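Worksheet: the structure to be examined is printed underneath.
Residue numbers (the working numbering): 70 to 552.
As structure tokens, this is what we get:
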């Protein structure tokens, strides 16, 4: 018995077996027993640490001191990096939504592209509005606008919905301040500036292939009408929830719509944090270390500071200057932050799970196995992420778990920031592949766009797969060139 335990804890095959068993238990807990991912990740991480023979003091600390434990450093290291960013990003998205920015942007894009180009306009709407807004919130906000465009165009709802969904999915998977890319920035040690650059470089081709090319092809072959009730906007349907055509989608919420903002104003606000973060990233390469201009750019381009500046600008130009009170802004802020707690717990638990993997030496063992097999790290990252996504459905869980597994490998290799960002893009691409019935987003889309399960598989599932494969192909090609 003792020999077997030692083999599991010290040999490469034994460590890999432990890691595989831990991931299997994690997936069974989430899929079979419907355990909350936060609880499942925490339990599996603790069980793996004990099974690998790590000292209790290393896992949870002592009765007098626990600050250096894997539990606290695992949660704290990632949450300290992302909590402020995700919170501010959520608030910014809520302010843009409640001010009527989505409606204004839709009308402008439809006028610009005309009736025939309306699907492309819907795709750009999802792409632009998806930067500051979470995926599911983006669906709730933009779905009524897609209904109207499809009704006016007289063609299948699928033709208009898929480009918009591709835009939302691409930004959610590949671009900060969304939780997946932000988490990868902390786990892999890559700046958000490079994640933004590579997110666009890898994600845009995937968006075009999945949303525009595939969306146009399948939208002409799957006919879905827009039910009349989908076009009715009302605040309450009698159950405390909005009707399918409601602008806010979840529950009755505060609104800041006094008069519609201009399209230029919405675009400028969305661009502010991106410009500030990119300024700091490229300033660090072009300016002298320690110079005053670089210090200014670094401060303003720190993601939390950049988003805080943007939120304050949005508060003023979309709220106070247009007649909203501070109390109304506070209400919107509080409502938008309510769903963030569980998301942060899942990310934190995933980071703890990854920390345990690193501490057990599984990462080093996996690196040796990968080197012997000749499998490039970017391919390994994509395959692991795909497997986790398909098995348990959550993109965020797939990202943080894969990031934790891959992090020890990339840290040992000393990759450049560009290479690390491309590896992050591979993980992000894997996390969205083959959305099916175990993914909550699958059912949201089925409900909001009047699709049967078969139609959702034919349209949305294939869209996500095309977006994943094309984006990974771009990341892999660039990695081969720059790594």
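Yeah, the Cβ is synthetic: ideal placement off N, Cα and C, and Gly gets one too.
Keep in mind that this is a model prediction, so the values were computed, not measured.
Sorting 212, 280, 341 by C-alpha distance to the C-alpha of residue 532 places 280 at the top. Counting only the Cα atoms, residue 121 lies some 9 Å from residue 74. A distance of 8 Å or more separates the beta carbons of residue 165 and residue 178. Distance between residue 92 and residue 213, taken at the CA atoms: about 39 Å. Within a 10 Å sphere around the beta-carbon of residue 529 sit 16 or more other beta-carbons, which makes this residue buried. Taken in chain order, the complete alpha helix (DSSP H) segments of 4 or more residues contained in the region 201-272 are 204-222, 226-243, 248-257. Under the criterion of beta carbons closer than 8 Å, residue 417 and residue 99 do not qualify as touching, at roughly 16 Å.
Here residue 385 carries a helix assignment [DSSP, helix/strand/coil]. Counting only the Cα atoms, residue 112 lies some 11 Å from residue 105. Unbroken alpha helix (DSSP H) stretches of 4 residues or longer found wholly inside the region 473-531: 486-499, 509-517, 522-525, given in chain order. Fewer than three pairs of CB atoms, one per stretch, sit closer than 8 Å, so the region 205-224 makes no contact with the region 254-272. Secondary structure of residue 101 (DSSP, three-state): coil.
Where residue 428 is concerned, the enclosing alpha helix (DSSP H) starts and stops at 409-429.
Restricting attention to 141, 154, 94, the CA atom closest to the CA of residue 377 is found in 154. Going by beta carbons, residue 503 and residue 474 fall outside the 8 Å limit. Straight-line measurement puts the Cα of residue 499 at about 27 Å from the Cα of residue 139.
In the structure shown, the three-state DSSP call for residue 445 is coil.
A distance below 8 Å separates the beta carbons of residue 457 and residue 466.
Exposed is the label assigned to residue 292, since fewer than 16 other Cβ atoms lie within 10 Å of its Cβ. In this structure residue 76 is exposed. Its beta-carbon is surrounded by fewer than 16 other beta-carbon atoms within 10 angstroms. Beyond the five residues adjoining it in sequence on each side, residue 429 comes within less than 6 Å, by CB distance, of 121 in the same chain, given in chain order. Rounded to whole angstroms, residue 427 and residue 228 show a C-alpha spacing of 45 Å. Note on geometry: alpha-carbon atoms of residue 223 and residue 186 lie some 13 Å from one another. Two segments are said to touch when three or more pairs of C-beta atoms, one from each, lie closer than 8 Å; by this definition the region 250-257 does not touch the region 518-529. Between the C-alpha atoms of residue 168 and residue 470 there is a straight-line separation of about 36 Å. Residue 286 counts as exposed, since fewer than 16 other C-beta atoms from the protein chains shown sit within 10 angstroms of its C-beta. Counted as a single uninterrupted DSSP element, the alpha helix (DSSP H) harbouring residue 340 occupies residues 332-355. If you compare the alpha carbons of 72, 81, 452 with that of residue 431, the shortest gap goes to 81. Exclusion of the five residues before and after residue 362 leaves 356 as the residues of its chain whose Cβ lies within less than 6 Å of its Cβ. A residue is called buried once 16 or more other Cβ atoms fall within 10 Å of its Cβ, and residue 385, having fewer, is exposed.
Proximity to residue 350 across 290, 372, 330 peaks at 372, based on C-alpha coordinates. Restricting attention to 172, 201, 103, the CA atom closest to the CA of residue 380 is found in 201.
Take the alpha-carbon of residue 444 and the one of residue 452: they are about 11 Å apart. Shown here, residue 292 sits in coil according to DSSP, grouped into three states, outside any helix or strand. Of all alpha-carbon atoms in 414, 359, 295, 240, the one lying nearest the alpha-carbon of residue 343 is that of 240.
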